[in-house]
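Numbering (the numbering used here), first residue to last: 124 to 293.
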């Protein structure tokens with residue numbers, strides 16, 4: 124397997140898995156670290172999404188601690204990336220890219236035709252990340268977020284991962 128180390132973080136110690144009910148508190152805490160109040164999801168939202176048909180959450184663990192996660196909702200031919208959160212101290216280490224590869228690979232296997240997401244227009248770091256993953260902007264949603272913040276709707280195509288996902292998913 125290719126060495127995915129960046130900035131000294133050893134990504135080979137990362138394990139991806141589907142979330143468990145016991146992960147809820149960690150997911151809520153990570154989301155609150157990643158997003159301001161009003162954008163971060165409430166605990167009730169996590170409960171709702173965990174029960175929603177077609178919804179699943181992939182977590183990234185390092186040293187038996189969740190460091191990132193993504194919530195996805197699938198429909199017949201499309202997938203919606205609800206959120207992709209990486210602990211702020213580990214952003215830029217390749218964890219988000221690894222999660223995105225897992226999501227896009229799974230979408231490809233499930234014969235999903237497109238993956239959609241919303242991102243705050245004033246979050247250039249996230250927009251740049253999604254563009255690097257092959258996403259492009261399709262429209263703007265005015266006043267989508269609190270404080271009249273606009274969102275960009277971005278879409279991307281499923282693709283096979285460029286490394287062996289199975290070796291990372293536990």
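Cβ coordinates follow ideal geometry from the N, Cα and C atoms, glycine included. Fair warning: this is a prediction, and the values are worked out from it, not measured in the lab.
Cα-Cα separation, residue i to residue j
{"i": "residue 164", "j": "residue 154", "result": "7 angstroms"}
{"i": "residue 273", "j": "residue 157", "result": "18 angstroms"}
{"i": "residue 203", "j": "residue 239", "result": "5 angstroms"}
{"i": "residue 212", "j": "residue 256", "result": "21 angstroms"}
{"i": "residue 149", "j": "residue 210", "result": "11 angstroms"}
Residue i, DSSP secondary structure in three states
{"i": "residue 280", "result": "coil"}
{"i": "residue 175", "result": "coil"}
{"i": "residue 258", "result": "coil"}
{"i": "residue 183", "result": "strand"}
{"i": "residue 116", "result": "Because the chain in this structure spans residues 124 to 293, residue 116 falls outside the shown range and cannot be described."}
C-beta atoms of residue i and residue j nearer than 8 angstroms
{"i": "residue 249", "j": "residue 222", "result": "no"}
{"i": "residue 183", "j": "residue 218", "result": "yes"}
{"i": "residue 162", "j": "residue 216", "result": "no"}
{"i": "residue 180", "j": "residue 233", "result": "no"}
Neighbour-count burial assignment, residue i, 16 or more Cβ in a 10 Å radius
{"i": "residue 265", "result": "exposed"}
{"i": "residue 187", "result": "exposed"}
{"i": "residue 229", "result": "buried"}
{"i": "residue 142", "result": "buried"}
{"i": "residue 242", "result": "buried"}
{"i": "residue 200", "result": "exposed"}
{"i": "residue 279", "result": "buried"}
{"i": "residue 171", "result": "exposed"}
Restricting to runs no shorter than 4 residues, where is the alpha helix (DSSP H) found entirely within the stretch 187 to 245? 218 to 232
For a minimum of 3 consecutive residues, which ranges assigned as the beta strand (DSSP E) are wholly contained in the stretch 134 to 163? 137 to 141
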